[in-house]
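Student: The sequence shown runs 1 to 369 under full-length UniProt numbering. Here it is, the structure, as structure tokens.
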Amino acid sequence: MNPDLIRPEIAALPTYNAGLALDRFRAHYGIDCQAKLDSNENPAGPCPGVVEAIREEATGISRYPDAGNADLRGDLADATGASPDRIIVGNGSEDLIGALFRTVLRPGDHVVTICPSFGLHEFGALACGAHVTKVPFEADWSFPIDGLIHAMSKEAPRVLIFSSPSNPAGPAISPSDFDAVLKATPPETLVVFDEAYLEYLDADARFDAMGRLAAGPNPWIVLRTFSKAYGLAGIRVGYGIACAPELVAQMMKARNPFGVNALAVAAARAALRDPDYLAQSVQSAIEGRAALTAGLTQTGFACAPSQTNFVFFDTGQTATDFAEALRHKGVLIKPWLEEPYTSWARVTVGTARENQYFLDAVASMHCPA
């Protein structure tokens with residue numbers, strides 16, 4: 001193949017650090033997985049109504065779905081208070097990150113984010129020819145407010161993008177820190193606030209981010225997903241709530257018009273109708289998170305404070321080696337590949353049995369000094 005065929009921005013990108021599918025794990029290691037804790041999936045799965053909704057919708061799959069996803073956008077409008085024309089639905093929030101960057105970024109644009117971060121916050125921007133400034137968390141895992149302000153003062157970014165609660169680290173930004181960042185953000189900068197783990201926030205850590213964004217001069221969009229707390233990771237549904245209908249209308253041009261299939265829409269709508277199941281699932285994750293953090297801490301590992309369904313911890317060695325040793329024990333976690341956090345790994349909250357299996361496997365290995 002002619003090497004000039006591939007755009008240099010794409011050729012330079014690293015491969016996305018995805019979790020390992022169970023069938024691939026069995027094929028490679030020749031054993032069953034005892035604890036799949038590498039992709040922040042909900043071990044409880046979706047609410048029962050989701051499966052029934054998919055069965056009912058399956059009878060009509062010979063027809064294309066509604067390209068505008070009007071019914072789901074209407075349900076989301078009812079749930080969030082935003083008008084439907086300010087809501088966009090995608091094939092996971094990753095799909096929307098890509099559509100957003102394709103809509104607004106020009107080659108040479110500046111994007112600011114935090115580090116460690118969700119990979120596509122960086123890779124999606126690089127793929128569009130932008131350059132990215134990554135600002136590391138503070139040593140105590142508080143958000144790097146001064147660092148973000150400094151990065152934006154050196155060169156006004158086209159986009160400021162970060163998640164809270166953070167993936168992969170887990171902390172949540174405070175209202176005062178959020179306000180400080182917004183106050184310092186150049187008014188022309190698009191603020192992208194990724195709330196994929198919103199549902200796991202403790203009550204005292206919650207605040208109205210959209211209200212604060214709406215009170216300022218910046219264009220903005222918040223991103224959310226059905227993959228985590230709602231247990232729909234395999235069916236791929238995410239959504240965004242934007243400052244104005246015009247941003248959604250332009251993003252729709254950069255998105256696959258049939259990117260959200262009919263079964264996914266039916267599943268998401270059913271999930272929204274069962275808030276009690278969501279609450280139970282989230283509470284189970286919060287309890288499991290506390291158990292994992294306590295177990296890792298007692299074994300001697302440093303953990304970042306988490307407001308999510310996972311725990312980020314320092315393995316004390318190269319995290320890929322640590323994770324590989326666990327794979328041979330039937331445990332999947334995600335080693336982090338982003339400098340300077342390559343000794344850190346992320347473990348998802350699983351079932352109580354999976355969590356204990358993981359902790360027992362870790363305890364059986366050489367512990368950090």
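Glycine included, C-beta positions come from ideal geometry on N, C-alpha and C. What you are looking at is a predicted structure, and each value in this text was computed from that prediction instead of being measured.
According to the neighbour-count rule (16 or more other Cβ atoms, all chains shown, within 10 Å of its Cβ), is tyrosine 200 buried or exposed?
Tutor: buried
Student: Are valine 222 and isoleucine 241 closer than 7 Å when you measure CB to CB?
Tutor: Yes, the pair counts as a contact, with Cβ atoms nearer than the cut-off.
Student: How about leucine 359 and glycine 288: are their beta carbons less than 7 Å apart?
Tutor: no
Student: How about valine 132 and glycine 147: are their beta carbons less than 7 Å apart?
Tutor: no
Student: Quick one: Cα of alanine 215 to Cα of lysine 183, how far?
Tutor: 11 Å
Student: Ignoring anything shorter than 3 residues or poking outside the segment 203-270, list the beta strand (DSSP E) runs there in chain order.
Tutor: 220-225, 238-242
Student: By the DSSP assignment, the beta strand (DSSP E) with isoleucine 6 in it spans what residues?
Tutor: That residue, isoleucine 6, is in no beta strand (DSSP E); it is neither H nor E in DSSP.
Student: How far does the alpha helix (DSSP H) with leucine 182 in it extend, from its first residue to its last?
Tutor: 175-184
Student: Based on DSSP bridge pairs, tell me the residues matched to histidine 314.
Tutor: Before going further, note that residue 314 is aspartate rather than histidine in the sequence given. Trp344, per the DSSP bridge assignment.
Student: May I ask you to list the residues that DSSP assigns as paired with lysine 154?
Tutor: Answer by DSSP bridge pairing: none, since lysine 154 is not bridged.
Student: Would you mind giving the Cβ-Cβ distance between phenylalanine 118 and asparagine 42, rounded to the nearest angstrom? I have them listed as a contact below 8 Å.
Tutor: That belief does not hold up - the Cβ atoms of phenylalanine 118 and asparagine 42 are roughly 18 Å apart, past 8 Å.
Student: Starting from histidine 28, follow the alpha helix (DSSP H) in both directions and report where the run begins and ends.
Tutor: 22-29
Student: Any idea if valine 181 is buried or exposed, counting beta-carbon neighbours within 10 angstroms, 16 or more meaning buried?
Tutor: buried
Student: Hey, how far is the Cα of alanine 203 from the Cα of leucine 190?
Tutor: 28 Å
Student: Whole angstroms is fine: what's the gap from aspartate 78's alpha carbon to valine 111's?
Tutor: 33 Å
Student: Closest to alanine 254 by CA distance: which of Leu100, Gly330, Gly316 is it?
Tutor: Leu100
Student: Reducing DSSP to helix, strand and coil, say where phenylalanine 123 ends up.
Tutor: helix
Student: Is DSSP giving threonine 113 helix, strand or coil here?
Tutor: strand
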